[in-house]
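In the numbering used here, the protein residues as written are 100 to 194.
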């Protein structure tokens, strides 16, 4: 991990703190599932997404609007994933 990537990831994490609670909750869940340092393939589209206005961002995250950019659409799909998937739930029950 390079220092520059770590700093970039920390800045993105901070920038993902949003004024709109719904967006903030989505990003909290996202950061719980992600490694501490993001690769460039995820960091670059995340920077573009975080540059959006909160209401436009929520329209994407809630599915009311689709992103024109395929990279952003992939990231939005990742952001929409639940905190736990069914496999996580099964492992918790079996434990």
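Think of the CB as a built atom: it goes at the ideal place given N, C-alpha and C, for glycine as much as any other residue.
Query                                                                                                                                  : Result
Cβ-Cβ separation, residue 124 to residue 145 (assumed contact under 8 Å), whole Å                                                      : So it is not a contact: roughly 17 Å between Cβ atoms.
4-residue-minimum alpha helix (DSSP H) runs that sit fully inside the region 126-159, ordered along the chain                          : 139-149
For residue 159 and residue 115, believed in contact at Cβ under 8 Å, the rounded distance                                             : Not really, about 14 Å apart at Cβ, beyond 8 Å.
Contacts around residue 122, its chain only, beta-carbon distance under 7 Å, and the 5 residues preceding and following it disregarded : 153, 156, 157 and 160
Exposure label - residue 120; buried when at least 16 CB within 10 Å                                                                   : exposed
Straight-line gap, residue 180 to residue 129 (C-alpha atoms, nearest Å)                                                               : 8 Å
Span of the alpha helix (DSSP H), counted from its first residue to its last, around residue 108                                       : 102-114
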